[in-house]
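Residue numbers (the working numbering), protein chains in the order written: chain A, 12 to 105; chain B, 381 to 473; chain C, 14 to 336; chain D, -19 to 69.
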Amino acid sequence: MLATDLIYSIAGVALFALGLRAALLHRTLLGRILAINICGAGIFLVFVALGYRGPDLVPDAVPHALVLTGIVVAVSATALALALGRRLREAGDE
Amino acid sequence: MIEFIAMLIIMIGISFFAAGSIGLLRLPDLYTRLHALTKADNLGLGLIVVGLAMISGSLLMTMKLLLIWILVLAGSAASAHLIAQQALRREQN
Amino acid sequence: MVVYLWNLLDLVLAGLVVALGWAAVASADLKRGIVLFIAFGLLLAIIWARLNAPDLALAEAAIGAGLSGALLLAALRDEPHTGDVIGFTRGPVAWATTVLSLVVAGTVAWALLHAHAAADPIRLADKVTVHLEHSGVSNPVTAVLLNYRAYDTLLELAVLLAAALGIMAVGPARPAYKPAGPLFGALVYWLVPLLIVIGGYLLWVGAHAPGGAFQAGALLAAAAVMLRLGGNPAAGLPGPVAQRWLLVCGVAVFISVGLLVTVGGHAFLQYPHGWSGMLILLIEIAATLAIATTLALAYVGGTTPASQGTLSEQQIKNHRASD
Amino acid sequence: MIINHQLLLLIPSLLLLLTMVLGLLRALRGPSLQDRMLSVLLLGTGGVGLLLLLAFMLGQPALVDVALVLALLAAMTAAALTRREAGDD
């Protein structure tokens, strides 16, 4: 029998590494933004998995709160990066 | 007893999901896949909702479950329409 | 028996999320990558639900599975359709990066395993539970966000504001969508009010059940995105002045409340006894509006068309011409 | 009661998850963007079902709200993919 938190934290680490590698190697801005999002999701997964305390206990609310704000900040940062990318392309075209 | 009947209904619902997935994989083009998918999985979700409503034991929960199913129906009808429309537009160009 | 079945479910879910993440970032074809990323977000919402984190599942269902996918799909339109794929850096650099990533992952995994083995029995979770009745709310996540770690949340709202200002600064909005046909128009017509009502519901229940300002804000933003997809260029946002007030109201109300309580001799953001519930609700309402406006603006991609009819349009044109 | 539900619903949940995995193969294969999107639609509907099952198994009624949100946004990605901007032909 395996511990649930362990399964998901390992998956989180794997996603973090995958995202990190792809963020460094992708050659398009959009691809990099995508990879950074996956990388961040891996970190969130590790956090939440560590907050999980089995089926009978209430999970730790601190990592949940951190990840909740993290999700919203990540999407705003993504939007800012996309807007900057669009401006860069327009500047290049002109 | 009622719980076993509920589980049976849920299992039938899941077999519809399986049919939808297999259709999505095996059928030859976008339109046939669209057809298989939107019918099978909506009926599947409907049966899951019915099964769960039987064991929920509260009217409010049953209403909520039904609302979810109706929303999924509306959403997937609209999505299927949009996707088919775009595919047709692509073909015409 | 039950435990093993749960284990199997966990393994399938974890394996699938890693596989989807891999496939999404390994796609040289960006269209494929983005669609897989949307599937990844959906799956992540299910995983949060499985890990007893319904607060996160709510936010992820609205943002990860909805909003960020819509954002990326809109950005995809700007990619040149040349057909040739740019792809990845290859060669020795790629190998070095792979090794580096593996080393980082190995180190993190090793540290996690040690932390797991030597876990401290005293956790913050217990402190959260002990003080919950004094926090003014009974949902522990809301208590952490708006009471215990209110500083963090204030700074997070400041980050959102900075992102919104950045988006407004770099350029005008994306082009608007063509008006919706009858079928999609009807869907928008029904869905938008429903999204707003459920957003309000989540804001209210956030005090004692999963929900709160972040989820409510995300749902309101989703309503804005639906409006824009249905052909409303401003995504339902108000005029430029009101828009700016909405953007700053989260941070402004938060700081005002924090400063007001210092008048009564308390520390910054240390709510007086008996007032926490009301003050938290006040901050949350403002935060919901600010988050919703920020995310809606993020989707629109810049100053909305409504705000371009003034001097700023001319300024933008002049600016463009001088580039 | 809840334990009972767990035993009854775990096997259906696993099977549902497996059909979702099967459907995702279409997202990997494509060939067109629309084909991939269909697979995401299936994942969305299946996800709503799985969330409802999880709500009953874990005894967490709040997960029904999550399913509701997912159902509300089901059409959003398809619309974001297919709606045409003013400049599109």
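C-beta: ideal position from N, C-alpha, C; glycine also.
In this text, all values refer to a predicted model and were calculated from it rather than measured experimentally.
| Item | Value |
| --- | --- |
| Quick one: which residues of the stretch 103 to 120 of chain C get their C-beta closer than 7 Å to a C-beta of chain A? List them in chain order. | ALA107, THR110, THR111, SER114, LEU115, VAL117, ALA118 |
| Is there a Cβ from chain C that is less than 7 Å from the Cβ of MET12(A)? | Legend: pLDDT at MET12(A) = 49, less than 50; position of this residue unreliable, no value from coordinates given. |
| For my contact list, ILE180(C) and ALA85(A) are in at a C-beta cut-off of 8 Å; report their separation, rounded to the angstrom. | That belief does not hold up - the Cβ atoms of ILE180(C) and ALA85(A) are roughly 15 Å apart, past 8 Å. |
| Anyone know if the C-beta pair for LEU404(B) and GLY39(D) falls short of 7 Å? | no |
| How should HIS147(C) be labelled, buried or exposed, when 16 other C-beta atoms within 10 angstroms of its C-beta is the threshold for buried? | exposed |
| Identify, in the order they occur along the chain, each residue of the same chain with its Cβ nearer than 8 Å to the Cβ of LEU84(C), setting aside the five sequence neighbours on each side. | ALA311, TYR312 |
| Please identify the residue among LEU302(C), GLY230(C), ARG187(C), GLY198(C) whose C-alpha is closest to the C-alpha of GLU101(A). | ARG187(C) |
| Just the C-alpha distance for PHE227(C) and ASN422(B), rounded to the nearest angstrom, thanks. | 30 Å |
| Give, in chain order, every residue of the stretch 180 to 199 of chain C whose Cβ lies closer than 9 Å to some Cβ of chain D. | ARG187, PRO188, ALA189, TYR190, LYS191, ALA193, PHE197 |
| According to DSSP, HIS144(C) sits in a beta bridge with which residue or residues? | None; HIS144(C) has no bridge partner. |
| In this structure, how does DSSP classify GLU73(C) when only helix, strand and coil are distinguished? | helix |
| From the beta carbon of ASP23(C), is the nearest beta carbon of chain A less than 7 Å away? | yes |
| The alpha helix (DSSP H) spanning GLN40(D) covers which residue range? | No alpha helix (DSSP H) contains GLN40(D), which DSSP labels as neither H nor E. |
| Does the distance from the CB of HIS221(C) to the CB of ASN152(C) come in under 7 Å? | yes |
| Which residues, in order along the stretch 52 to 65 of chain C, keep a beta-carbon less than 9 Å from a beta-carbon of chain D? | ALA52, LEU55, LEU56, ALA58, ILE59, TRP61, ALA62, ARG63, ASN65 |
| Does the stretch 395 to 414 of chain B come within contact of the stretch 22 to 29 of chain D, defined as at least 3 CB pairs closer than 8 Å? | yes |
| Over what stretch of residues does the alpha helix (DSSP H) that includes PHE267(C) continue unbroken? | 253 to 276 |
| With which residues is PHE101(C) paired in a DSSP beta bridge? | HIS37(A) |
| Pairing CB atoms from the stretch 46 to 66 of chain C with CB atoms from the stretch 198 to 206 of chain C, are three or more of them under 8 Å? | no |
| I'd like to know whether the C-beta of LEU40(A) is nearer than 7 Å to at least one C-beta of chain C. | no |
| Could you tell me the alpha carbon to alpha carbon distance between ASN20(C) and VAL38(C), rounded to whole angstroms? | 27 Å |
| If we count the other Cβ atoms within 10 Å of its Cβ and call it buried at 16 or more, is TRP61(C) buried or exposed? | buried |
| Are any of the Cβ atoms in chain C nearer than 7 Å to that of LEU99(A)? | no |
| Helix, strand or coil, according to DSSP, for THR62(D) in the structure here? | helix |
| Hey, how far is the Cα of LYS25(C) from the Cα of LEU(-4)(D)? | One point to set straight first is that residue 25(C) is Val, not Lys, in the sequence displayed. Cα to Cα, the separation comes out at about 11 Å. |
| Would a check of beta-carbon distances place HIS461(B) closer than 7 Å to chain C? | yes |
| Determine the closest residue to GLY96(A) out of ARG90(C), ARG103(C), PHE101(C), PRO105(C), with distance taken between C-alpha atoms. | ARG90(C) |
| Starting from LEU208(C) and walking both ways along the alpha helix (DSSP H), at which residues does that stretch end? | 195 to 218 |
| Within 7 Å of any Cβ in chain C, is that where the Cβ of ALA458(B) sits? | yes |
| Whose C-alpha, out of HIS415(B), GLY424(B), LEU410(B), SER438(B), is nearest the C-alpha of ALA398(B)? | GLY424(B) |
| Please look up how many angstroms separate the CB atoms of SER12(D) and LEU410(B), rounded, as I've assumed it's under 8 Å. | 7 Å |
| Since ALA128(C) contacts HIS75(A) with CB under 8 Å, what's their CB separation in whole angstroms? | Between HIS75(A) and ALA128(C) the Cβ distance is about 18 Å, and since that is not below 8 Å, they are no contact. |
| For LEU43(C), count neighbouring Cβ atoms within 10 angstroms of its own Cβ and tell me buried if that reaches 16, exposed if not. | buried |
| Below 7 Å on C-beta distance, what does ASP71(A) contact in chain C? | ARG136, LEU137, ALA138 |
| Who are the near neighbours of GLY213(C) in its chain, counting only those whose CB is closer than 8 Å to its CB and skipping five residues on each side? | ALA229 |
| Given that a residue counts as buried once 16 or more other Cβ atoms are within 10 Å of its Cβ, and exposed if not, what is MET14(C)? | exposed |
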